[in-house]
Amino acid sequence: MLITDLVIATGIPFFIQFAVWTFVYEGARAGELPGYSLDEMYLYYICVLALGRFNNAYDLVMDVSEHVRQGQLESFFVKPLSYLSYHFYIFLGGASLYFIPLVVIAVYMGFTGTGWVGPLGFLGLSVLNLVLCFIVGFLMSLAAFWLTKSDMIISFQVVLSSVVGGTLLPLSYWPETIKPFMQYNPFRLFISGPAEFLLRPSMALGVELLLLFIVWFVLIYGACSIFYKLACVRYSSVGG
Amino acid sequence: MHACLTDINFSLRPGSALGFIGPNGAGKSSLIKILCGIQKPTSGSVRVLGFDPSKRDRQFLKQIGAVFGHKTSLWWDLPVKTSLDTYRKIYGVSNIDYSERLSELVEALNLANVLNRPVRNLSLGERVKCELALNLMHAPTLIFLDEPTVGLDVTSKYEIRKYLNYKRKVEGLSIFLTSHDLGDIESCCEEAIILDRGRIRFDGSMRELNDELKDTVQLTVTTVAQEQYEAVLEKFKQKMQASQQLDPVSEANEQLVYVVSTSKITTVYELFEPGIYTLEIKALDFENSVVNLFNSWASE
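These protein sequence lines map, in sequence, to chains A and B.
Residue 197 in numbering that gives the first Met the number 0 is what sits at position 198 of the first sequence, and the numbering runs on without skipping anything.
Residue 200 in numbering that gives the first Met the number 0 is what sits at position 201 of the second sequence, and the numbering runs on without skipping anything.
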C-alpha cells in the first residue's frame, strides 16, 4: 500500500507537475509568472503531494459508509466508546506513517533554507490541520446515511482536495475573482496552507491560517454534531 | 407511518432470562435494539438497569453486553486476542480480572485454538463464540443476545447455552434472548414473550407456555381417494368451520392440518366419514406448537 501510494499516487503526479512547470517556466520571461520561482514551484508540489497523502480522508469515508451500509454501527453503539473518537484514533494511526515525508521535507528545508520558522510552522500547521481534515472527512462521510453508496462522496472529496485545496495550482496562480474562495476554503488549510508557509513564512500568513482554522473548526465541528445526531435518528429508523 | 411495536409492557427481574419468540418481522430485533439503546422509541418509556438506554450513558453501556449473530465487534484482519485486549481497555477491566475471565471463557467456549488467529480466518461458530467472550469479558449485569446461534453447529450451541446458564446461576447474569432456534429459548430462558406483528401475544413463564401449548394436538386429515380430493376437503373444511370455528393451519394437496384443543378431539372425530378420510393425531413438540401458533396468527 505504501509503495502504491509513493510510486503511483505521489510519484507520477509529481513527475507530471515537474514536466509541466519546467515547460511553462522555460517559455516565460523572468518575473512574468506570479508567485513562485521554478525551484519553489517544485518544492510546493512536493509539499502538497505529501500533504495530500497525510491529510487524506478517503479511508474514513469508506469505513463510515461501510458501517452504515452493512449495519455495523450497532456494534459500536452498544459499546462505551465514541464513534467519532474511534475513527479519529484510526485516522491518526493511518496518518502517522505519512508524517515521515513531511518531517524529511521540513528537516531538509531547515538545513538548506533560510531558517527553522518555515519548517516548524509547516509541521505545526500540518498536524493542526489533520484534525480539521478529519472532521471535514467525517462530516462528508455522514452523507452515507442518506446515500446508497459512498462513491459520490469520495469523488467529491478528491476533487475538492485537488482543486480548491491547491494540489493542482497554487493560490497565486488563480484569477483574482476566484482567489477569495480559494483563499478561505477549508481545503486550503490542509493542502496548500502549510506548503505556502514553508515557502514564504510570515506572521501575517501564520495568523491568517490559524484564524481560518479556528473558524472552520468551530463551524464544521458544529455541523458534525448536528448531522451526526440526525444521522443516528435516521439510522435508528432502519428496523429488522 | 408503520408502528413496528405497540403496547409493549414488561419487566424483568435481575438474574432472569427472558426469551423473545416471534416470526420474522414480529419486532424482536427492534425491541432488543430499543432495550440496548440503538433505537429510540417514538413514544413510551424504557428503563434498563435504571437508565434510559437511548441516552447511551457510558455507565449503562459498561453494564451490558450485546451479541448480534450476524454482526461482529471484532476487528476483521486482526487476531481475536488483539480485539479482546483493546476492549479490555475500553471497558476499564483490570489485568487480573481480565486474565481470570479470559481463562474461564477460553475453557468454557473452547477458544484456545482461535485466540491468536485473525477473525477473517474463523468459522462462523468460532466467531460467534469469540463475540460472546468479548461481550462477557467485562462481566456485564445484563446481556442481549439477538440470534446468537444462527448458523452454529450443535456443539457450539451446546457450549454457548451451557455457559450462559452457568453465568446466570453463579453470577446472576440477566439475559434477553431472541432466537429462531427454540432450543435456545427452551434451554436458557425461564420466561418468554411471544411477539406477533409488534404486539405481545404471550407473556409468562416457559412452564405456563408449555402447559398452554400441550393443550393442543396436531390433526392431519388426508383423503383416501385421489379423485375429487379438492371438493372432499372443502366440504370437511366447511364442517370444521361451522361446528368448531377452526381453520386449517396448512393446506397441501390431499391434506389438511389442524391444531385442535385436546378437549375438542371427540367432537371433531365425529365429523369424520370413514373411507373418505384418514386421520392422524400427534402430540406437538415445543417447536411445532409454536410454529402452528404462528401459522394460526398469520391467517387472522
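For every residue, glycine included, the Cβ atom is placed at its ideal position computed from N, Cα and C.
| said: Taking DSSP's pairing of strands, which residues face residue 183 of chain A in a bridge? | reply: The sequence position of residue 183 of chain A within the first sequence is 184, counting from 1. Partner(s): none; residue 183 of chain A has no beta bridge.
| Interface residues of chain A around residue 71 of chain B at Cβ under 9 Å? | For the purposes of this step, residue 71 of chain B is taken as the residue at position 72 of the second sequence. The contacting residues are 71 and 74.
| message | Taking 7 Å as the limit between beta carbons, can you name the residues of its chain near residue 269 of chain A, skipping five residues before and five after? | response | Residue 269 of chain A cannot be examined here, being either before or after the span of chain A that is shown, 0 to 239.
| query | Where do the ends of the beta strand (DSSP E) carrying residue 199 of chain B lie? | reply | In the second sequence, residue 199 of chain B corresponds to position 200, counting from 1. Residue 199 of chain B -> beta strand (DSSP E) spans 198 to 204.
| message | As a quick exercise: from B:3, B:267 and B:212, pick the residue whose alpha carbon is nearest that of residue 288 of chain B. | response | Within the second sequence, numbered from 1, the residue matching residue 288 of chain B stands at position 289. Comparing alpha-carbon positions, the option among B:3, B:267 and B:212 lying closest to residue 288 of chain B turns out to be B:212.
| said: Tell me the residue span of the beta strand (DSSP E) that contains residue 281 of chain B. | reply: Working through the second sequence from its first residue, we reach residue 281 of chain B at position 282. Membership of residue 281 of chain B in the beta strand (DSSP E) is indicated by the continuous run 276 to 282.
| said: So, at 7 Å on beta carbons, what are the nonlocal neighbours of residue 16 of chain A in its own chain, with the 5 sequence-adjacent residues on each side left out? | reply: Counting from 1 along the first sequence, the entry for residue 16 of chain A is found at position 17. Excluding positions up to five away in sequence, the list reads 44.
| Inside the segment 217 to 290 of chain B only - beta strand (DSSP E) runs reaching at least 3 residues | Segments of the beta strand (DSSP E) lying fully in the segment 217 to 290 of chain B: 249 to 251, 254 to 260 and 276 to 282.
| chain A contact residues for residue 35 of chain B, given Cβ-Cβ distances below 9 Å | Walking along the second sequence from the start, residue 35 of chain B turns up at place 36. The answer, in chain order, is 73, 76 and 77.
| By the 10 Å Cβ neighbour count, where 16 or more other Cβ atoms means buried, how is residue 236 of chain A classified, buried or exposed? | By 1-based counting over the first sequence, the position of residue 236 of chain A is 237. Confidence in residue 236 of chain A is poor, its pLDDT being 49 and thus under 50, which makes the residue's placement unreliable; the coordinate value appears in the next sentence. Exposed, since its Cβ has fewer than 16 Cβ neighbours within 10 Å.
| request: With a floor of 4 residues, list each alpha helix (DSSP H) that falls wholly inside the segment 61 to 116 of chain B, ordered by position along the chain. | output: Complete alpha helix (DSSP H) runs here, min 4: 79 to 90 and 94 to 108.
| Boundaries of the alpha helix (DSSP H) in which residue 49 of chain A is found, first to last residue | Within the first sequence, numbered from 1, the residue matching residue 49 of chain A stands at position 50. Residue 49 of chain A -> alpha helix (DSSP H) spans 37 to 53.
| request: Would you mind working out which of B:146, B:264 and B:279 sits nearest residue 181 of chain B, comparing C-alpha positions? | output: Your numbering for residue 181 of chain B matches position 182 in the second sequence. Minimum Cα distance to residue 181 of chain B is reached at B:146.
| How many angstroms separate the CA atom of residue 227 of chain A from the CA atom of residue 145 of chain A? | What you label residue 227 of chain A is simply residue 228 of the first sequence in a count that begins at 1. What you label residue 145 of chain A is simply residue 146 of the first sequence in a count that begins at 1. Cα-Cα distance, rounded: 12 Å.
| message | On the CB-based measure, 16 or more other CB atoms within 10 Å of its CB, does residue 223 of chain B come out buried or exposed? | response | Looking up residue 223 of chain B in the second sequence gives position 224. So residue 223 of chain B ends up on the exposed side.
| said: Does the segment 146 to 162 of chain B come into contact with the segment 215 to 225 of chain A, if we say contact requires no fewer than three beta-carbon pairs (one atom in each stretch) closer than 8 Å? | reply: By the criterion of at least three beta-carbon pairs nearer than 8 Å, the segment 146 to 162 of chain B is not in contact with the segment 215 to 225 of chain A.
| message | Once DSSP output is grouped into helix, strand and coil, what is the label at residue 236 of chain A? | response | Taking the first residue of the first sequence as position 1, residue 236 of chain A is located at position 237. Note that residue 236 of chain A scores a pLDDT of 49, beneath 50, so its modelled location is shaky and nothing firm can be said.
| Pick from B:163, B:73, B:226 and B:198 that is closest to residue 24 of chain B, judged by C-alpha positions | In the second sequence, the residue the question calls residue 24 of chain B occupies position 25. Nearest in C-alpha terms to residue 24 of chain B, of all of B:163, B:73, B:226 and B:198, is B:198.
| DSSP beta-bridge partners for residue 177 of chain B? | For the purposes of this step, residue 177 of chain B is taken as the residue at position 178 of the second sequence. According to DSSP, residue 177 of chain B bridges with B:19 and B:145.
| message | Quick check: the Cα distance between residue 159 of chain A and residue 117 of chain B, rounded to an integer number of angstroms? | response | By 1-based counting over the first sequence, the position of residue 159 of chain A is 160. By 1-based counting over the second sequence, the position of residue 117 of chain B is 118. Taking the straight line joining both Cα atoms gives about 37 Å.
| task | Would you verify that the beta carbon of residue 65 of chain B is, or is not, closer than 8 Å to some beta carbon of chain A? | result | What you label residue 65 of chain B is simply residue 66 of the second sequence in a count that begins at 1. Residue contact check for residue 65 of chain B against chain A: a CB pair falls below 8 Å.
| message | Can you check whether the C-beta of residue 59 of chain A is within less than 8 Å of a C-beta belonging to chain B? | response | Numbered from 1 along the first sequence, position 60 holds the residue referred to as residue 59 of chain A. It does not; no Cβ of chain B falls within 8 Å.
| task | Compute the distance between the beta-carbons of residue 245 of chain B and residue 257 of chain B, then report whether it is under 8 Å. | result | Counting from one through the second sequence, the residue named residue 245 of chain B turns up at place 246. Counting from one through the second sequence, the residue named residue 257 of chain B turns up at place 258. Against a cut-off of 8 Å, the Cβ pair of residue 257 of chain B and residue 245 of chain B comes out as a contact.
| task | To the nearest angstrom, report how far apart residue 229 of chain B and residue 149 of chain A are at their CA atoms. | result | Looking up residue 229 of chain B in the second sequence gives position 230. Looking up residue 149 of chain A in the first sequence gives position 150. Approximately 55 Å, taken between the alpha carbons.
| message | Using 8 Å for Cβ pairs, my map puts residue 195 of chain A next to residue 37 of chain B. What's the rounded Cβ distance? | response | Position 196 of the first sequence holds residue 195 of chain A. Position 38 of the second sequence holds residue 37 of chain B. Contact between residue 195 of chain A and residue 37 of chain B does not hold, since the beta-carbon distance rounds to 46 Å and is not under 8 Å.
| query | Touching or not, the segment 106 to 115 of chain B and the segment 49 to 69 of chain B, by the rule of three or more beta carbon pairs under 8 Å? | reply | Contact between the segment 106 to 115 of chain B and the segment 49 to 69 of chain B is absent, because fewer than three Cβ pairs lie under 8 Å.
| Interface partners of residue 61 of chain B on chain A, CB under 7 Å | Position 62 of the second sequence, counted from the first residue, corresponds to residue 61 of chain B. Result: 79.
| task | Compare the Cα-Cα distances from residue 163 of chain B to each of B:140, B:179 and B:150 and report the closest residue. | result | Translated into the one-based positions of the second sequence, residue 163 of chain B becomes position 164. The shortest Cα separation from residue 163 of chain B among B:140, B:179 and B:150 belongs to B:140.
| query | On the premise that residue 189 of chain A lies in contact with residue 132 of chain A, defined as a C-beta separation below 8 Å, what is that separation, rounded to the nearest angstrom? | reply | What you label residue 132 of chain A is simply residue 133 of the first sequence in a count that begins at 1. What you label residue 189 of chain A is simply residue 190 of the first sequence in a count that begins at 1. Contact annotation, residue 132 of chain A with residue 189 of chain A: C-beta distance approximately 4 Å; criterion of less than 8 Å satisfied.
| message | Would you say residue 302 of chain B lies against chain A (beta-carbon separation less than 8 Å)? | response | Residue 302 of chain B is absent from the model: chain B starts at 0 and stops at 299.
| query | Got a sec? Which residues, its chain only, sit under 8 Å from residue 234 of chain A by beta carbon, not counting five neighbours each side? | reply | The residue labelled residue 234 of chain A in the question sits at position 235 within the first sequence. Correct list, in chain order: 67, 72 and 144.
| Expressed to the nearest angstrom, what Euclidean distance is found between the alpha-carbon atoms of residue 169 of chain B and residue 57 of chain B? | To locate residue 169 of chain B, count along the second sequence from 1; it is residue 170. To locate residue 57 of chain B, count along the second sequence from 1; it is residue 58. One C-alpha to the other measures close to 26 Å.
| message | Measuring CB atoms only, is the segment 182 to 193 of chain B touching the segment 7 to 25 of chain B, in the sense that at least three cross pairs come out at less than 8 Å? | response | Cβ pair count under 8 Å is three or more, so yes.
| task | Please report the Cβ distance between residue 53 of chain B and residue 39 of chain B, rounded to the nearest whole angstrom; I am assuming they are in contact, meaning their Cβ atoms lie under 8 Å. | result | Residue 53 of chain B sits at position 54 when you count from the first residue of the second sequence. Residue 39 of chain B sits at position 40 when you count from the first residue of the second sequence. About 4 Å separates the Cβ atoms of residue 53 of chain B and residue 39 of chain B, confirming a contact at the 8 Å cut-off.
| Runs of alpha helix (DSSP H) wholly within the segment 7 to 53 of chain B (minimum 4 residues, chain order) | 27 to 34, all fully within the segment 7 to 53 of chain B.
| field | C-beta contact flag for residue 120 of chain A and residue 108 of chain A at 8 Å | value | Your numbering for residue 120 of chain A matches position 121 in the first sequence. Your numbering for residue 108 of chain A matches position 109 in the first sequence. No, these two residues do not count as a Cβ contact at 8 Å.
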